[in-house]
Amino acid sequence: MGPTHTGRDFTDATQIITASERERLRESLIDRDITVNSSEELDLGGLLLKQLLITEDQLAQAIQMQQDGNYEKRLGEILVQNKVITEQQLLDTLAKQLGIPFIRSINDREIPEELIKKVPTRFAKKYQMLPIGFKNEAVVVVTSDPLNTNVIDDIRLLLERPVLIASATSSVITEAINRSYDRASTADAAIEDFGNVITDDLALQEPVDLLDSEDEAPIIRLVNSLMFRAVKDRASDIHVEPYEREVAVRLRIDGNLYDILKIPKRLQNSVSSRIKLLGGLNIAEKRLPQDGRIRIKIAGKDVDLRLSTVPTAHGERIVLRLLDKSAVVLDLSNLGFDAGMLKKMEELISKPYGIILVTGPTGSGKTTSLYAALSKINREDINIITVEDPIEYQLPGIGQIQVNEKIGLTFANGLRSILRQDPDVILIGEIRDRETAEIAVQASLTGHLVLSSIHTNDSCSSVSRLVDMGVEPFLVSTSLIGIVAQRLVRRVCPNCREPHQATAEQLSRLGIEKIPSKATVYRAKGCEQCFHTGYTGRVGIYELLPIDEDLRALILKHPDAVTLRRNAIARGFKPMRYDGLRKILQGVTTIEEVLSSTQEDSTIEETPVVPVSSGS
1 MGPTHTGRDF
11 TDATQIITAS
21 ERERLRESLI
31 DRDITVNSSE
41 ELDLGGLLLK
51 QLLITEDQLA
61 QAIQMQQDGN
71 YEKRLGEILV
81 QNKVITEQQL
91 LDTLAKQLGI
101 PFIRSINDRE
111 IPEELIKKVP
121 TRFAKKYQML
131 PIGFKNEAVV
141 VVTSDPLNTN
151 VIDDIRLLLE
161 RPVLIASATS
171 SVITEAINRS
181 YDRASTADAA
191 IEDFGNVITD
201 DLALQEPVDL
211 LDSEDEAPII
221 RLVNSLMFRA
231 VKDRASDIHV
241 EPYEREVAVR
251 LRIDGNLYDI
261 LKIPKRLQNS
271 VSSRIKLLGG
281 LNIAEKRLPQ
291 DGRIRIKIAG
301 KDVDLRLSTV
311 PTAHGERIVL
321 RLLDKSAVVL
331 DLSNLGFDAG
341 MLKKMEELIS
351 KPYGIILVTG
361 PTGSGKTTSL
371 YAALSKINRE
381 DINIITVEDP
391 IEYQLPGIGQ
401 IQVNEKIGLT
411 FANGLRSILR
421 QDPDVILIGE
431 IRDRETAEIA
441 VQASLTGHLV
451 LSSIHTNDSC
461 SSVSRLVDMG
471 VEPFLVSTSL
481 IGIVAQRLVR
491 RVCPNCREPH
501 QATAEQLSRL
511 GIEKIPSKAT
521 VYRAKGCEQC
531 FHTGYTGRVG
541 IYELLPIDED
551 LRALILKHPD
561 AVTLRRNAIA
571 RGFKPMRYDG
581 LRKILQGVTT
591 IEEVLSSTQE
601 DSTIEETPVV
611 PVSSGS
């Protein structure tokens, strides 16, 4: 794979500017007392001038800097360093001068693995050079420095083939290197470093601790490759699960778990010790659960990992939750709310006081929704303070308090302290008990806007949950202003999705009689881009229940969730499955995803009519 152009040797590269132009430029520089010895540099400078990318003064200044400072850098590098031109402009011009292709993007999936194995990672990163495919008998090699002939000779020896050179920017090459070298074979190779002969008896023996192990480097490589693989595959969690004769490693991607690796049993303690060491945990304590945090940087991304260990019959089970700071969406308009729901949500978070609850199961995006709401109202004239466990993302301009129950800093105690800090808006990570709930209610009644999450199945169940915690119904009805319930469903891959005719059973479960004529329903198929899952990424489906005066009067009577829900629907409330149906008709997700993530609602007495609008 790769470019279809034929590369040329640098010694006979075609000169783009004419001899008369080159001579005129040389005379112009001599008039400024600037000596030019390299015709190669002069040709590049002349070509940049001809393309109007630089001026004669900028060229003269760069050549003068090269002479005065005894620069080892070439003319093009100095121009990029001075921000006269970009790296892309330089390499594009060099490519024209040398008669080689300039590549703007690299598909790492098309790079043959045999080429990757022949070029060491350190070599590729140090010299910004990567083989990307074959052309006849030659290997196409992309580099950010096509003039470095010595390194080109080195890679020709490594590959044991003739090479054709193409150029690309360093950022494009670095990204391709990071992706292409992180293959499953990386983790397998790290395991192979320990030896290939593993008998059943040896597998059940107790391995030495990491701190005493002579094989520390392969363990580090193995753990690093697991984290790198998780980030590359957009995983939200890494599961390290010990069994009798092996250790399974699974990744949760878009809500589903996938097996990626089996680790020999004898490496179990070394792997767990390495991970616990990164998280600052006690590696000698294997009988009690522990929690920690790891902060790493992978491929230019800042990633936080929440670490949890629990003892099981076959050793410590470890789960790492990945929090990719660069991937978090802190914009309400990009979370998947429809226009009407978004407007209501913005109205709720603009109110001066009251409680807004976000509910849903673990991993349904509640924290992201709360952070997006805070980001929407965050201004210099508002004091926002949060109490969280843990603090998942740092929000500029907002005071964030980390719960630490070991020293007595609970949600309730932190909330009491917050109220003495003169806040306008308070975020409570989760309402877990009566004490926290009562303080949150009191805060809302004394002029504060309170945002929090709570674990219930739907929005109407949250009211019953607060009452069951011990909060008086009249306090709930007075303080509560809105409840958002949400789930995450997988987005169908736009590259391989295919039209689908919904069955009568599916239509019945969705609560509709037929699919609107203007809409197309898709189903997942699977391709290389989505790792053959048929899905890529996730989107939220929501229901929003504003608490109006009629519902407040009903809450005073302490109704059950079904009664409250039936009354809310009579007033125009749209259940979560309605939003899921809307996203199905927009081609965002599939019927299977919505049906598996939402429950059938027996309180809906009429067939919902869902508007069809364009979607992704």
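Residue 368 in the working numbering sits at position 368 of the sequence shown, and the numbers go up by one each step.
In this text, a Cβ means the ideal position worked out from N, Cα and C, and glycines have one as well.
Since the model is a prediction, treat every value here as computed from it, not as a measurement.
Check, Outcome
"According to the Cβ coordinates, are I418 and V450 closer than 8 angstroms?", "no"
"Please list, in chain order, all residues of the same chain as K351 whose beta carbon is under 8 angstroms from its beta carbon, the five residues on each side excluded.", "L449, I481"
"Which whole-angstrom value describes the C-beta separation of K366 and S453, a residue pair presumed to lie in contact below a C-beta threshold of 8 angstroms?", "4 angstroms"
"Taking only runs of the alpha helix (DSSP H) that begin and end inside the region 523-606, which ones reach a length of at least 4 residues, in chain order?", "549-555, 561-570, 576-585, 591-597"
"Under 6 angstroms Cβ to Cβ from I401, same chain only, skipping five residues before and after it: list those, please.", "V387, G414"
"Between the Cα of A248 and the Cα atoms of D237, G255, E77, L261, which residue gives the shortest distance?", "L261"
"Using 8 angstroms as the threshold, is the region 458-465 in touch with the region 505-518, meaning 3 or more CB pairs across them?", "no"
"When we look at the beta-carbon of V80 and count the other beta-carbons within 10 Å, is it buried (16 or more) or exposed?", "buried"
"Whose C-beta lies closer than 8 angstroms to the C-beta of I111 among residues of the same chain, with five residues either side of it excluded?", "M1, L130, P131, I132, G133, A176, S180"
"Would you give the residue range spanned by the beta strand (DSSP E) that R287 belongs to?", "Careful: R287 lies outside any beta strand (DSSP E) and carries neither H nor E."
"How long is the line joining the alpha carbons of S597 and L581, rounded to whole angstroms?", "12 angstroms"
"Mind checking which residues open and close the beta strand (DSSP E) that includes V489?", "480-492"
"Measure the alpha-carbon distance for Q599 versus Y578 and round it to whole angstroms.", "11 angstroms"
"Out of Q290, Y393, R274, Q268, which has the shortest C-alpha to C-alpha gap to L322?", "Y393"
"So the alpha helix (DSSP H) A504 belongs to, where does it begin and stop?", "504-510"
"Given that a residue counts as buried once 16 or more other Cβ atoms are within 10 Å of its Cβ, and exposed if not, what is A474?", "Strictly speaking, residue 474 in this sequence is Phe, with Ala absent from that position. With fewer than 16 other Cβ atoms within 10 Å, it is exposed."
"List in chain order: all unbroken beta strand (DSSP E) runs of 3+ residues lying wholly within the region 374-417.", "384-388, 399-402"
"Per the DSSP calculation, T446 is bridged to which residue(s)?", "Beta-bridge pairing links T446 to no other residue."
"A485 and M576: beta carbons closer than 8 angstroms?", "yes"
"Evaluate contact between the region 433-448 and the region 547-561, counting only Cβ atoms and requiring at least three cross-stretch pairs below 8 angstroms.", "no"
"With a cut-off of 8 angstroms on the beta carbons, I'd call I591 and V521 a contact; round off their distance for me.", "7 angstroms"
"Using the three-state DSSP reduction, which class does Y127 fall into: helix, strand or coil?", "helix"
"Using a 10 Å radius around the Cβ and a threshold of 16 neighbouring Cβ atoms, would you call L288 buried or exposed?", "exposed"
"Does the beta-carbon of T368 have 16 or more other beta-carbons within 10 angstroms, so that it is buried, or is it exposed?", "buried"
"Given a threshold of 16 other Cβ atoms within 10 Å of its Cβ, counted over all protein chains shown, does S105 qualify as buried or as exposed?", "exposed"
"Considering just the uninterrupted stretch of the beta strand (DSSP E) at K514, what are its terminal residues?", "Counting along the chain, K514 falls outside any beta strand (DSSP E), and DSSP gives it neither H nor E."
"Give the straight-line distance between the Cα atoms of L370 and P494, rounded to the nearest whole angstrom.", "29 angstroms"
"Who are the near neighbours of I253 in its chain, counting only those whose CB is closer than 7 angstroms to its CB and skipping five residues on each side?", "D233, R234, A235"
"In angstroms, rounded to a whole number, what distance separates the CA positions of A95 and T536?", "36 angstroms"
"Among the candidates L305, L348, D433, I283, whose CA atom is the shortest distance from the CA of D468?", "D433"
"Using the Cβ count rule (16 or more neighbours within 10 Å means buried), how would you classify R274?", "buried"
"Is it true that the CB of T169 sits closer than 8 angstroms to the CB of L91?", "yes"
"Which residue comes first and which comes last in the alpha helix (DSSP H) that contains A235?", "No alpha helix (DSSP H) contains A235, which is instead part of the beta strand (DSSP E) from 235-242."
"Considering Cα atoms alone, identify which of P423, F573, F411, A412 is closest to I398.", "P423"
"Can you list, in chain order, the residues of its chain whose CB lies under 8 angstroms from that of L342, leaving out five sequence neighbours each side?", "L332, S333"
"Would you tell me roughly how many angstroms separate the C-alpha atoms of E87 and V172, rounded to the nearest one?", "11 angstroms"
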